[in-house]
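First residue of the sequence shown: 64, per the numbering used here; consecutive thereafter.
Below is one structure; the comments refer to it alone.
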Amino acid sequence: MRILVVEDEKKTAAFLAKGLREAGFAVDVAIDGETGLLVSGTNIEELLECMRKLACSPELRRRLGLRGRDRVLDAFTWQHGSRRLRQVHDSITAEA
C-alpha cells in the first residue's frame, strides 16, 4: 500500500477523515521525488522522514507542488481526457 503525502492540509484531512490510507490516483499522478513523495503505507519511519523533509524545506514543497501542478496540467485535464477518448473512439471506429 502507498500513501500520498500532500502539502494541502484540507485534502490530507479529508482523506484521513474518510479512512483512506491511499489515494487511488497517487501512483499515476505522483512521481516519487519529482511531483510528490510516495511512502509505504506500512512504514511509519519512512512516512515520518518524508514529513520531516517537507516540514523543513519550503523549497522542496514549492518544487514538488509546481512540478505536480505542471504534470496535472500536461496530462490530467478534461482536454487531455477528451483527446484520449477521441483517439480510442477513432481507433475503434476505424476497425469497424
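Backbone N, C-alpha and C fix where the C-beta goes; we use that ideal spot for every residue, glycine too.
Model, not experiment: these values are computed from the prediction.
The beta carbon of L148 sits closer than 6 Å to none of the beta carbons in its chain outside the five residues before and after it. Taking a contact to require three or more Cβ pairs closer than 8 Å, the segment 116-125 and the segment 140-154 do not qualify as touching. Listed as beta-bridge partners of D95 by DSSP are G99.
Across the set G96, N106, L129, R130, the C-alpha of G96 shows the shortest separation from the C-alpha of K116.
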